[in-house]
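First the structure, in the form of structure tokens, and then the observations on it.
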Amino acid sequence: MKKILIANRGEIALRIMRSIREMGLKSVAIFSEADRNAPFVKYADEAVCIGPPASSESYLRQDKIIEVCKKLNVDGIHPGYGFLSENAGFARLVKQEGFTLIGPSPEAMEIMGDKLSAKAAVKSYNIPMVPGTEDAIEDIPEAKKIAKGIGYPILIKASAGGGGKGMRVVENEADFEEQMQLAINEAVSAFGNGAVFIERYVGSPRHIEIQIMADTHGNIVPLFERECSIQRRHQKVIEEAPSSVLTPEMRKEMGEKACDVARACDYVGAGTVEFLLDENLNFFFLEMNTRLQVEHPVTELISGIDLVREQIRVAEGKELSFTQDSISINGHAMEVRVYAEDPKNNFLPDIGNLKTYKAPIGLGVRVDDGFEEGMDIPIYYDPMISKLITHGKNREEAIERMIRAIDDYKITGIETTLPFCKYVMKHEAFTSGNFDTHFVKDYFTPEKLETELPDETKEIAAIMSAFFTEENKKKNNLPLAEINKHNNWRVNRTK
Ligand code: MV4
Numbered sequence: 001m002k003k004i005l006i007a008n009r010g011e012i013a014l015r016i017m018r019s020i021r022e023m024g025l026k027s028v029a030i031f032s033e034a035d036r037n038a039p040f041v042k043y044a045d046e047a048v049c050i051g052p053p054a055s056s057e058s059y060l061r062q063d064k065i066i067e068v069c070k071k072l073n074v075d076g077i078h079p080g081y082g083f084l085s086e087n088a089g090f091a092r093l094v095k096q097e098g099f100t101l102i103g104p105s106p107e108a109m110e111i112m113g114d115k116l117s118a119k120a121a122v123k124s125y126n127i128p129m130v131p132g133t134e135d136a137i138e139d140i141p142e143a144k145k146i147a148k149g150i151g152y153p154i155l156i157k158a159s160a161g162g163g164g165k166g167m168r169v170v171e172n173e174a175d176f177e178e179q180m181q182l183a184i185n186e187a188v189s190a191f192g193n194g195a196v197f198i199e200r201y202v203g204s205p206r207h208i209e210i211q212i213m214a215d216t217h218g219n220i221v222p223l224f225e226r227e228c229s230i231q232r233r234h235q236k237v238i239e240e241a242p243s244s245v246l247t248p249e250m251r252k253e254m255g256e257k258a259c260d261v262a263r264a265c266d267y268v269g270a271g272t273v274e275f276l277l278d279e280n281l282n283f284f285f286l287e288m289n290t291r292l293q294v295e296h297p298v299t300e301l302i303s304g305i306d307l308v309r310e311q312i313r314v315a316e317g318k319e320l321s322f323t324q325d326s327i328s329i330n331g332h333a334m335e336v337r338v339y340a341e342d343p344k345n346n347f348l349p350d351i352g353n354l355k356t357y358k359a360p361i362g363l364g365v366r367v368d369d370g371f372e373e374g375m376d377i378p379i380y381y382d383p384m385i386s387k388l389i390t391h392g393k394n395r396e397e398a399i400e401r402m403i404r405a406i407d408d409y410k411i412t413g414i415e416t417t418l419p420f421c422k423y424v425m426k427h428e429a430f431t432s433g434n435f436d437t438h439f440v441k442d443y444f445t446p447e448k449l450e451t452e453l454p455d456e457t458k459e460i461a462a463i464m465s466a467f468f469t470e471e472n473k474k475k476n477n478l479p480l481a482e483i484n485k486h487n488n489w490r491v492n493r494t495k
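Per our numbering, the sequence shown runs over residues 1 to 495.
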């Protein structure tokens, strides 16, 4: 491949282009009218505007993307995450038109895109799964019998769902019928597919996922785990690698099972196998994500492997550049997602202008962002501004570095989730490693965030303090040093 089109925007488009450039290849950006001045557009070797701001008229326009590929002699397409990245129809179209999709086959996307078909595909591989039904439930009395057998509480999940959409907890048999009907209705309206199934409800799980890489020569290698339990409404907020609870034995076992899941769908490229971990550290396969994930940088930092470079190599038919024996975990990495959301106001999106934007730098700090100072955050897309990632020799150092980097990150003009992330970094449940997916609900309220005074208020306070110091000095005729002994304004104004 010589030229790759990135069918995405923002930080991930930029991140992909950096690897493309390092490999001596050319990049093509597509962009919407809302992204005309975005850094990823300027960074690309070529860039084409493909439509108005709405995703449905730009980043999701399969026909226009193919048109650009033909016109600019593109060889491969990298879909990033979101948008068309897990769209089997798009993967098929790309192939038909003679281009290479940097990702797995349409068939693998299809199998893993449906939870029941994923379970069926891995059945012969002896993958641990939460006890539940293998098929969609249709008959209510029959389903009630199964639920009773599993034991309440149970969870109803939509087969076409994922990332937590279309899930309902049922506490007892009396609620079953109503909840099942609601789940089916929700699944029909959200996914156009009413298939739902039952699982035992794991009450306090941790979310642990395994990154895998597979090539077309039959090599599949697990690149260790990521711990993603700190999330809010199924939106991950903090991710890290490695997990502080996995033993080397569990890591090996989960890695092997993740490779089996990949094998079950002839997976090629970078993929992620999600597991739930219960209170007793039993793990269960949940689903497989057939794309490069938002949180991939933590894996890159602990493994030293450029996942995008490997994706491109694999798409070219090359072998993975590493083997299981050649890789090991180096230190600890932590990622926080910086959203344009106000944690003091129920995480309401706070899009607007980035009046000040200064990203932190220094040893062990990586920022994957897609904005510059003075830019507007568009209302049309996900409100993620950047990902702040730190690397240290151990977890403690990665956390210390994260707190420093959060303090060094200067953003004004909009509220961000940075203060919330700092709160988590300092919380005992987090630092001890003793937390689950309920962390935010259990430990966070807006009052937990110290209210930082606006800069103008601090300036006024400093001026007033200086003024009265002078006044006092005149009145009392005291030397300034004597007054300042009792006056801490210089110190206090920065608090
Ligand atoms: C579960 C579960 C408890 N028991 N399955 C949510 C996202 C989707 N991938 C699966 N999810 C869950 N499945 C059983 N049988 C709890 C969750 C869950 C969750 C999982 C991972 C991370 C955050 C979560 C938040 C709420 C619920």
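In this text, a Cβ means the ideal position worked out from N, Cα and C, and glycines have one as well.
What you are looking at is a predicted structure, and each value in this text was computed from that prediction instead of being measured.
Per the coordinates, the alpha-carbon of isoleucine 111 lies some 5 Å from the alpha-carbon of alanine 118. With contact defined as three or more Cβ pairs closer than 8 Å, the segment 368-388 and the segment 329-345 are in contact.
Note that the C-beta distance between proline 343 and aspartate 408 is not below 9 Å. For a cut-off of 8 Å, the C-beta gap from isoleucine 230 to valine 273 is around 20 Å, too long to register as a contact. With distances taken between CA atoms, leucine 388 lies nearest to Met402 out of Glu396, Met402 and Asn394. Under the 10 Å beta carbon count, lysine 393 is surrounded by fewer than 16 other beta carbons and is classified as exposed.
Per DSSP, the continuous alpha helix (DSSP H) segment holding serine 189 begins and ends at 173-191. Annotated as distal: glutamate 239 and phenylalanine 197, with beta-carbon spacing of 9 Å or more. In this structure, valine 68 sits away from valine 41, with a CB-CB distance that is not shorter than 9 Å. Counting only residues of its own chain and dropping the five nearest sequence neighbours on each side, lysine 318 has a CB closer than 8 Å to the CB of Asp215. Considering only Cys265, Arg251, Ser432 and Glu186, the residue with the shortest C-alpha distance to glycine 218 is Cys265. At a threshold of 8 Å, serine 229 counts as near the ligand MV4, since its beta carbon sits closer than that to one of the ligand's heavy atoms. Taking C-beta atoms as the reference points, leucine 307 and methionine 213 count as a pair closer than 9 Å.
Collapsing the DSSP output to three states places cysteine 265 in coil. In the three-state reduction of the DSSP assignment, asparagine 330 falls in the coil class.
About 6 Å separates the Cβ atoms of histidine 438 and serine 204, confirming a contact at the 8 Å cut-off.
Under the three-pair Cβ rule at 8 Å, the segment 246-264 does not count as touching the segment 181-192.
Excluding sequence positions up to five before and after proline 131, its CB lies within less than 6 Å of the CB of Ile150 and Arg200, all in the same chain and listed in chain order.
Its chain contains no residue whose beta carbon lies nearer than 6 Å to that of serine 321 once the 5 sequence neighbours on both sides are disregarded. Closest option to threonine 100, judged by alpha-carbon separation, among Asn353, Ala315, Ile406 and Gln179: Ala315.
Here the alpha carbon of alanine 38 sits roughly 13 Å from the alpha carbon of serine 386.
With 16 or more other Cβ atoms from the protein chains shown falling within 10 Å of its own Cβ, aspartate 35 counts as buried. Burial state of valine 169 is exposed, judged by a 10 Å Cβ sphere holding fewer than 16 other Cβ atoms. Apart from the 5 residues on each side of it in sequence, asparagine 172 sits with its Cβ closer than 7 Å to the Cβ of Tyr152 in its chain, given in chain order. Secondary structure at leucine 286: strand, using DSSP grouped into helix, strand and coil. Scanning the segment 95-158 for uninterrupted alpha helix (DSSP H) segments of 4 residues or longer gives 106-113, 115-122 and 140-150, listed from N- to C-terminal end. By the neighbour-count criterion, in which a residue is buried when 16 or more other Cβ atoms sit within 10 angstroms of its Cβ, methionine 464 is exposed.
For valine 440, the uninterrupted alpha helix (DSSP H) run begins and ends at 439-443, by DSSP. From the listed residues Phe444, Lys475, Lys3 and Glu471, the smallest Cα separation to arginine 232 is found for Phe444. In this structure, the beta-carbon distance from glutamate 46 to serine 27 falls below 9 Å. Taken from the Cβ of phenylalanine 284, at least one heavy atom of the ligand MV4 lies inside 8 Å.
Here the distance from the Cβ of valine 245 to the nearest heavy atom of the ligand MV4 is not below 8 Å. Assigned with DSSP and collapsed to three states, tyrosine 423 falls in helix.
For proline 222, the enclosing beta strand (DSSP E) starts and ends at 220-232.
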